[in-house]
Amino acid sequence: KAGVTQTPRYLIKTRGQQVTLSCSPISGHRSVSWYQQTPGQGLQFLFEYFSETQRNKGNFPGRFSGRQFSNSRSEMNVSTLELGDSALYLCASSSTRVLNTEAFFGQGTRLTVV
Amino acid sequence: DAKTTQPTSMDCAEGRAANLPCNHSTISGNEYVYWYRQIHSQGPQYIIHGLKNNETNEMASLIITEDRKSSTLILPHATLRDTAVYYCIVRGAGGTSYGKLTFGQGTILTVHP
Chain A
1 KAGVTQTPRY LIKTRGQQVT LSCSPISGHR SVSWYQQTPG QGLQFLFEYF SETQRNKGNF
61 PGRFSGRQFS NSRSEMNVST LELGDSALYL CASSSTRVLN TEAFFGQGTR LTVV
Chain R
1001 DAKTTQPTSM DCAEGRAANL PCNHSTISGN EYVYWYRQIH SQGPQYIIHG LKNNETNEMA
1061 SLIITEDRKS STLILPHATL RDTAVYYCIV RGAGGTSYGK LTFGQGTILT VHP
């Protein structure tokens, strides 16, 4: 069974640009969550999607947005990039939203904003 | 979100058991304790989770105290490949915290030959 796949693995963007990251969950998984990891703030929750609906959102500005498609694949978008958006972006998939369900992470997308 | 407290770093000899403690004194009744580990800049790897009973799988054992205010992750025979940052997480169970994994700073476990 394939794991969580994130593309691209590495990305370099310029300040002011926008970026779209993709996450393909484990087959059959319907919940996708996104996290940002930086050296200063650690791992922080961005948002969760389940059945194409955003179920939960972290404390990030509106420049960060996401969506989920009918096949459960998810994308996150960051507009008007800032230097501080440089981070490892991780997504995690779960089969359900039940609390007793493991969440499995992808390898992440390393975004560098210059 | 219930907070967790872990030691910043720990050392362990290869082949010995590694016991990683975690304090979660504000945990509520329906919140699960999850453990993940992260090896340098890779995605976090799921290890184990539990509610109130002790749990064991092929990777580790999780011991949760009766009052649920603390837990211990046990790696029975640590290897060099177990060197990683270990995160103890209380998974949110209500309102806007539902389902969220709130990561702290974790414990850097170094396994020595």
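Sequences listed follow chains A and R, in order. First residue of the first sequence: 1, per the working numbering; consecutive thereafter. First residue of the second sequence: 1001, per the working numbering; consecutive thereafter. Cβ coordinates follow ideal geometry from the N, Cα and C atoms, glycine included.
| query | result |
| --- | --- |
| Quick check on A:Ala87: buried or exposed, where buried means 16 or more other Cβ atoms within 10 Å of its Cβ? | buried |
| DSSP on R:Asp1082, reduced to helix/strand/coil? | helix |
| With 16 other CB atoms within 10 Å as the buried threshold, where does A:Gln18 fall? | exposed |
| By DSSP, does R:Leu1051 sit in helix, in strand, or in coil? | coil |
| Quick check on this structure: which residue in R:Gly1050, R:Ala1013, R:His1077 and R:Leu1075 has the alpha carbon closest to the alpha carbon of R:Lys1069? | R:Gly1050 |
| Could you list the residues in the region 1097 to 1109 of chain R with a C-beta less than 9 Å from some C-beta on chain A, going in chain order? | Ser1097, Tyr1098, Gly1099, Lys1100, Leu1101, Thr1102, Phe1103, Gly1104, Gln1105 and Gly1106 |
| Closest Cβ-Cβ distance between A:Gly108 and chain R: below 7 Å? | yes |
| Please decide whether R:Asn1042 counts as near chain A, where near means a Cβ-Cβ distance under 7 Å. | The amino acid occupying residue 1042 of chain R in the given sequence is Gln; Asn does not appear at that position. Yes, R:Gln1042 counts as interfacial toward chain A. |
| Along the region 72 to 106 of chain A, what residues have a CB closer than 7 Å to any CB found in chain R? | Leu88, Leu90, Arg97, Leu99, Asn100, Glu102, Ala103, Phe104, Phe105 and Gly106 |
| Give the DSSP-derived three-state secondary structure of A:Thr109 in the structure shown. | strand |
| Counting only Cβ-Cβ distances shorter than 7 Å, please list the residues of the region 28 to 61 of chain A near chain R, keeping chain order. | Gly42, Leu43, Phe45, Glu48 and Asn56 |
| One question on the structure: do A:Arg63 and A:Glu75 come within less than 7 Å of each other, judged by their Cβ atoms? | no |
| Using a Cβ cut-off of 9 Å, pull out every chain A residue sitting near R:Ala1093, in sequence order please. | Leu99 |
| Using only the alpha-carbon positions, how far apart do A:Pro8 and A:Glu48 sit? | 20 Å |
| Give the interface partners of R:His1049 over in chain A, defined as CB-CB distance under 8 Å, in chain order. | Asn100 and Glu102 |
| Identify which residue in R:Thr1079, R:Leu1101, R:Leu1080 and R:Pro1021 has its Cα closest to the Cα of R:Leu1062. | R:Pro1021 |
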